[in-house]
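Enquirer:
Protein chains in written order, with the working numbering: chain A, 7 to 253; chain B, 11 to 498.
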């Protein structure tokens, strides 16, 4: 369970989050929508531990662990996964090597045995097949020369292999065509289960047609100003944020 | 900022035990008096039981050296070296061992600790198949050369150079100093006067050397310079892959290492020379470490010959070295693949020279420089196309990676083309390990240091893949270890 209480954070002198309260129980998928500059990406970075974001108040616990006190890699080991809005290129680093190193680091931290190259490849090939991705995804260098859609699919592949307890998807749908959107959605839906929860940050209703959330929250000016069921997303789609803020 | 402070603390904590080859071996040593003069040169020659021509060669070199001045064009700084305060010869005392059985057990223990396989027995008994023959050089002498008999069956000569001077004088006379003239530079002249040992390799016509050859250099004695000399000759159609590794104990004072390596490839011959240089780099404050002033050059004398240098340089306080190729034979090929990593206060000024003389000669230069801490890392290279080198080609790629904001990367490429048909390409990049790359890796569960190791190894991939397999694995680990605590 993710419990965010009164979380405030700033970049430099600029206050971005101004007291966010949110609880995501295991097994649930919550969507966060909101206008540009509302603090959606900041929330995802603060939860995953990126440098440059100063937490000025509040707390964030995942399964009882104080996320804000942990290094990014410890958060990953605890089961937190961030699918990046802009996945990063790692020249010369093979995708298979990268994902295996990450998976083994996480497995080590969880007290599980490491996977050798053969065992990993078997696992990875199955995941790739399930996600209808091309085989060469593993052979290429991490995100180097990937199209926007391929980068996002690579995020979903990593998520499928790392099997996180909490996935934070930061505008994973932006720049995706319909086919890619389906693949990405299927990747998330495949993980759905009583021990998996997700925070889906998006601008658009269309992703939520494929990944149906349990709850939708609206983040504006650093605060959650409204929460509701999936129908809230439809309302936003129809009337925009402006009407909501006025209300 | 917190991360920076933490990093500094980590570096301090690691500095003491980080260099794991920094131990000293206690063994009875013979050393000549400090300082350099004609008598010392004579004593070295006499100790090696050398013929008169060799002594004469040394004395000439010594006389030339006296007239020369230390070069000062490299981008490195160090206090003046007191050449009179060095020992020019140090060796385990007693008669030279004739076989492995006679080698001092303390020495064998040391090589074992370093992970250098000097024990032939296991391999000979068929426990493992021999893939690497080793010549181990301890301070000024070669203490053991393995698998010589196995190699001799295919006609390969692999022995200490001091022995080659006595046993194969014609070959030595013909080739020694033929690639790097005695007075080529200050350090080659010094080496020519006082070189004490090193390896000699001769691969006869048409022979593909049946195993990797390797020399392992170890400086142990205090205040001692190491001046090894390596000469490798591949006759017509021969081929050989040669590996070189180096370590030294941790000491507060700087030690001088001025080696000379000459390679000769005749028609259709191939020589692949790989180095993993891990001399003691000094401590986190730049105290101590090896001055690695080395001259390496290969001559592609025959048509279709090929010389390939691969180096991974992580050690030494100062590295000054430019493994080069003289592409004399038509269609000959020269390659230089280099990773140079500097950390703390290390300085490296390294690169290559590709001299195109023959027709349709081609050369490739891939240089990867990594700077961390307060270090300075310079690539210096020359591509020279002579008037007769019609159809010559060169491709140079020179990439620098900066870690932190107090280090420097410099690129000094020289290109001289005197033939209109030549094609010379130069590409260069400078980048930093980006914060988003580190965060991306860490958000997947990698520690900061594993992330740096992964990114650096990716950066060096084009060079590391040129190394023989077992060396490549070692080199990858070495790069990661050398960068410990470098992120802030």
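We put the beta carbon where it would ideally sit given N, CA and C, even for glycine. Keep in mind it's a predicted model, so treat the numbers as computed, not measured.
Going by alpha carbons, who is nearest to residue 217 of chain A out of A:139, A:188, A:122, A:137?
Expert: A:188
Enquirer: My output table needs one value for residue 433 of chain B: the three-state DSSP class, helix, strand or coil.
Expert: In the three-state reduction of the DSSP assignment, residue 433 of chain B falls in the strand class, which pools E and B.
Enquirer: Report yes if the CB atom of residue 132 of chain A is closer than 8 Å to the CB atom of residue 460 of chain B, and no otherwise.
Expert: no
Enquirer: Can you tell me whether residue 8 of chain B is buried or exposed? The criterion is at least 16 other CB atoms within 10 Å of its CB, across all chains shown.
Expert: With chain B covering 11 to 498 only, the question about residue 8 of chain B has no answer from this structure.
Enquirer: Could you check whether the Cβ of residue 56 of chain A sits closer than 8 Å to any Cβ belonging to chain B?
Expert: yes
Enquirer: Using a 10 Å radius around the Cβ and a threshold of 16 neighbouring Cβ atoms, would you call residue 223 of chain A buried or exposed?
Expert: buried
Enquirer: What does residue 460 of chain B reach in chain A if we use C-beta pairs closer than 8 Å?
Expert: What residue 460 of chain B touches in chain A: 107, 111.
Enquirer: Would a C-beta distance cut-off of 8 Å place residue 361 of chain B and residue 391 of chain B closer than the cut-off?
Expert: yes
Enquirer: Count the other C-beta atoms from every protein chain shown that fall within 10 angstroms of the C-beta of residue 87 of chain B, then say buried if there are 16 or more, exposed otherwise.
Expert: It counts as exposed.
Enquirer: Please list, in chain order, all residues of the same chain as residue 12 of chain B whose beta carbon is under 6 Å from its beta carbon, the five residues on each side excluded.
Expert: With a pLDDT of 36 at residue 12 of chain B, under the threshold of 50, the predicted position of this residue should be treated as unreliable, though the coordinate-derived value follows. Counting only Cβ-Cβ distances below 6 Å, and skipping sequence neighbours, we find nothing.
Enquirer: Taking 8 Å as the CB-CB limit, is residue 464 of chain B close to chain A?
Expert: Among the CB atoms of chain A, one or more fall inside 8 Å of the CB of residue 464 of chain B.
Enquirer: Which word fits residue 63 of chain B, buried or exposed, when buried means at least 16 other C-beta atoms lie within 10 angstroms of its C-beta?
Expert: So residue 63 of chain B counts as exposed.
Enquirer: Give the range of the alpha helix (DSSP H) segment to which residue 176 of chain B is assigned.
Expert: Element bounds for residue 176 of chain B: 171-177.
Enquirer: Name, please, each residue of chain A whose Cβ falls closer than 7 Å to the Cβ of residue 445 of chain B.
Expert: Correct list: 57.
Enquirer: Using a Cβ cut-off of 7 Å, which residues of the segment 149-166 of chain A contact any Cβ in chain B, in chain order?
Expert: 164
Enquirer: Could you tell me the boundaries of the beta strand (DSSP E) in which residue 22 of chain A lies?
Expert: 20-30
Enquirer: So, is residue 421 of chain B buried or exposed, given that buried needs 16 or more other C-beta atoms within 10 angstroms?
Expert: buried
Enquirer: Which of the three DSSP states is assigned to residue 134 of chain B in this structure?
Expert: Bear in mind that a pLDDT of 41 at residue 134 of chain B, under 50, signals an unreliable position, so the model cannot answer this.
Enquirer: Is there a C-beta anywhere in chain A that falls below 8 Å from the one on residue 410 of chain B?
Expert: Not an interface residue.
Enquirer: Do you know offhand how far residue 93 of chain B's Cα is from residue 310 of chain B's?
Expert: 34 Å
Enquirer: In the DSSP assignment, find the unbroken beta strand (DSSP E) run with residue 357 of chain B in it and report its ends.
Expert: 357-366
Enquirer: Please give me, in chain order, every unbroken run of the alpha helix (DSSP H) with length at least 4 that falls completely inside the segment 183-253 of chain A.
Expert: 184-197, 211-216, 237-252
Enquirer: Shortest alpha-carbon distance to residue 89 of chain A belongs to which of A:245, A:7, A:71, A:165?
Expert: A:165
Enquirer: Can you pull the chain B residues whose beta carbon is under 8 Å from the beta carbon of residue 43 of chain A, in chain order?
Expert: What residue 43 of chain A touches in chain B: nothing, since even the nearest Cβ is about 20 Å away.
Enquirer: Just the chain B side, please: which residues come within less than 7 Å of residue 82 of chain A by C-beta, in chain order?
Expert: Simply 453, 454, 455.
Enquirer: Would you verify that the beta carbon of residue 239 of chain A is, or is not, closer than 8 Å to some beta carbon of chain B?
Expert: no
Enquirer: With a cut-off of 8 Å, do at least 3 Cβ pairs link the segment 191-203 of chain A to the segment 118-131 of chain A?
Expert: no
Enquirer: Would you tell me roughly how many angstroms separate the C-alpha atoms of residue 66 of chain B and residue 444 of chain B, rounded to the nearest one?
Expert: C-alpha separation (whole angstroms): 57 Å.
Enquirer: Would you say residue 195 of chain B and residue 81 of chain B are within 8 Å of each other, going by their C-beta atoms?
Expert: yes
Enquirer: Please report the straight-line C-alpha distance between residue 236 of chain A and residue 243 of chain A, rounded to a whole angstrom.
Expert: 11 Å
Enquirer: Between the C-alpha atoms of residue 481 of chain B and residue 210 of chain B, what's the straight-line distance to the nearest angstrom?
Expert: 21 Å
Enquirer: Quick check on residue 438 of chain B: buried or exposed, where buried means 16 or more other Cβ atoms within 10 Å of its Cβ?
Expert: exposed
Enquirer: Would you say residue 347 of chain B faces chain A, with C-beta separation under 8 Å as the test?
Expert: no
Enquirer: Starting from the Cα of residue 181 of chain A, find the closest Cα among A:205, A:194, A:209, A:170 and give me that residue.
Expert: A:209
Enquirer: With a CB to CB cut of under 7 Å and the five nearest residues on each side skipped, what residues in its chain are close to residue 338 of chain B?
Expert: 309, 310, 311, 367, 368
Enquirer: So what's residue 215 of chain B in DSSP terms, helix, strand or just coil?
Expert: coil
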